[in-house]
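Engineer: In the working numbering, the protein residues as written are 25 to 410.
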Ligand SMILES: Cc1ncc(COP(=O)(O)O)c(C=O)c1O
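1) Flag residue 40 as yes when its Cβ comes closer than 6 Å to any non-hydrogen atom of ligand 1, and as no otherwise.
2) Rounded to a whole number of angstroms, what is the C-alpha to C-alpha distance between residue 5 and residue 124?
3) With three or more C-beta pairs closer than 8 Å as the rule, is the stretch 127-135 touching the stretch 144-162?
4) How many angstroms separate the CA atom of residue 340 from the CA atom of residue 402?
5) Hey, is residue 174 close to ligand 1, as in C-beta under 6 Å from one of its heavy atoms?
6) Grouping DSSP H, G and I as helix and E and B as strand, with all else coil, what is residue 323?
7) Counting Cβ pairs, one atom from each stretch, are 3 or more of them under 8 Å apart for the stretch 373-383 and the stretch 25-36?
8) Grouping DSSP H, G and I as helix and E and B as strand, with all else coil, what is residue 199?
9) Is DSSP giving residue 29 helix, strand or coil here?
10) What residues in its chain sit with their C-beta under 6 Å from that of residue 240, if we drop five residues either side in the sequence?
11) Got a sec: does ligand 1 put a non-hydrogen atom nearer than 6 Å to the Cβ of residue 94?
12) In terms of residues, what are the limits of the beta strand (DSSP E) holding residue 118?
13) If you draw a straight line from the C-alpha of residue 87 to the C-alpha of residue 76, how long is it?
14) Locate the beta strand (DSSP E) running through residue 141, then write down its first and last residues.
15) For residue 85, count neighbouring Cβ atoms within 10 angstroms of its own Cβ and tell me buried if that reaches 16, exposed if not.
16) Applying the 10 Å Cβ sphere with the 16-neighbour rule, what's the burial state of residue 296?
17) Are residue 233 and residue 249 closer than 7 Å when you measure CB to CB?
18) Between which two residues does the beta strand (DSSP E) holding residue 165 run?
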C-alpha cells in the first residue's frame with residue numbers, strides 16, 4: 025500500500041498507538057472526578073496542556089482542547105462573533121480558499137448581520153496584501169486566514185499579515201487555521217500577532233478525535249457547548265483523555281524532527297515533480313513549487329492530469345495500491361468542483377482532472393519511485409478509454 029493522502033488523515037504513529045493501547049487497558053476515571061483514578065486522567069491532560077502551552081509560549085489556560093480542527097475553527101469564529109455587535113463592527117475578512125469549516129461557519133454569520141468580504145488571491149493562492157491593507161478599517165471585526173492550504177499547499181505569509189494587522193491599529197482579532205501547518209512548518213503564536221490558532225491531531229499521526237484552539241486569553245469568547253465547564257468554561261463535556269494525550273505524544277514526536285523531515289519531504293516532492301515532468305503526458309502542477317522554499321508546504325502536491333477524469337484515475341491508482349485524493353476529502357465524495365482550484369483560476373477541465381498527493385514523514389523514496397513507475401501505464405490505459 026502506498027499512501028499519498030496524508031492531508032486527509034495520517035496513520036497513527038506506532039509509538040502513539042502503543043501508548044494508547046496501554047492507556048485503554050488501564051482504568052482511568054473522569055478527569056473532573058475526586059478520586060485517584062480521576063487524578064490519573066487529569067494528570068495526562070495537564071501534561072498535554074503543558075506541552076502545547078510551552079511550544080506556543082502561552083499560558084496553559086490558553087489551550088482549549090476540542091474534538092477536531094473543525095470544532096476549534098467553529099469555536100474561534102462563532103465564539104468570537106457571538107460576542108460582537110454587527111451594528112458596530114460588521115466586516116469579516118477571509119480568503120475564498122479556506123477550509124469548509126471556516127467558510128461554512130462564516131457564511132452562516134454572513135446571514136446574521138455580518139458582512140463577509142473575500143480577500144483577493146493570486147493564481148498561486150497567495151493573499152493580496154495590498155487588498156488586505158485597503159480593506160482594513162475600524163468596521164472589521166475578524167480576519168481569518170489559513171496558514172497552509174489543504175488542497176494546493178500554499179503557505180500564506182502569516183507573520184507579515186499579523187504585522188499588518190497590528191500596524192493598522194484597529195485591534196482586529198486574527199484567526200489562523202494551522203491544521204495543515206502544525207508539525208510541518210515553523211509557526212509562532214503571539215510574536216506573529218495571532219489571537220486564535222487551530223490545530224488537529226489526526227493530521228500529525230495522532231489519533232482522530234482531538235484538536236485544539238490556542239487562544240490569546242484576552243479576546244472575549246463565548247462557548248459553543250455548555251455543561252460542566254471543562255476547558256476553562258469554554259468547551260464543556262468530559263475531556264477525551266486518551267485522544268488528547270495521544271495528540272500531545274504525536275505532536276512531541278513530529279516536532280522533534282520537523283526541520284529534518286521538512287528537508288526530506290521537500291527532496292521527495294522534488295523527485296516526484298521531476299519524475300512526472302519527464303512523462304509523455306500533459307500534467308499541470310497546481311501547487312506553487314517555485315524556487316522560493318516557503319511558497320508551499322512540501323507535504324502537498326496538486327496535479328491536473330489533463331485529459332483524464334480524476335475520479336477514474338484515483339480508482340485505477342487505488343487498484344495498484346496507491347491512495348490519493350481529488351482534493352479536500354470532505355468534497356471527495358460529493359463530486360463538488362474544488363473551490364480552491366476554481367479560485368486560483370483553474371479551468372473546469374483542470375479541476376476535474378486534479379489529484380492531490382500528500383506526503384508525510386513516513387513517505388519513502390520507494391513510494392515515489394513506485395508511483396512514477398506505475399503512473400505511465402495507468403495514464404496510457406485511461407487515455408485509451410477516454
Ligand atoms: C486546513 C484544514 N482546516 C481544518 C480541517 C478540519 O480538521 P478536522 O479534520 O480535525 O476537523 C482540515 C481537515 O482536512 C484542514 O485541512
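All C-beta atoms in this analysis are idealised placements derived from N, C-alpha and C, irrespective of residue type, glycine included.
Small disclaimer: the values here were computed from a predicted structure and weren't measured.
Structural biologist: In terms of the structure at hand:
1) Judged by the Cβ position, residue 40 fails to qualify as a neighbour of ligand 1 at the 6 Å threshold, every heavy atom of the ligand being at least this far.
2) The question about residue 5 has no answer here: the residues shown for the chain are numbered 25 through 410.
3) No: fewer than three Cβ pairs fall under 8 Å.
4) Approximately 7 Å between the Cα atoms of the pair.
5) Under cutoff, so the answer is yes.
6) Coil, per DSSP.
7) Note that the stretch 373-383 touches the stretch 25-36; at least 3 beta-carbon pairs, one per stretch, sit closer than 8 Å.
8) In this structure, residue 199 counts as strand in the three-state DSSP scheme.
9) Three-state result, residue 29: strand.
10) Counting only Cβ-Cβ distances below 6 Å, and skipping sequence neighbours, we find 219.
11) Yes, the beta carbon of residue 94 sits closer than 6 Å to at least one heavy atom of ligand 1.
12) It spans 115-118 - the beta strand (DSSP E) in which residue 118 sits, taken as one unbroken run.
13) Roughly 7 Å between the two C-alpha positions.
14) Here the beta strand (DSSP E) through residue 141 covers 139-142.
15) Counting C-beta atoms within 10 angstroms of its own C-beta, residue 85 has fewer than 16 neighbours from the protein chains shown and is therefore classed as exposed.
16) With 16 or more other Cβ atoms inside 10 Å of its own Cβ, residue 296 counts as buried.
17) It is not a contact, given that the beta carbons lie outside the stated cut-off.
18) 164-168 is the span of the beta strand (DSSP E), which, as asked, contains residue 165.
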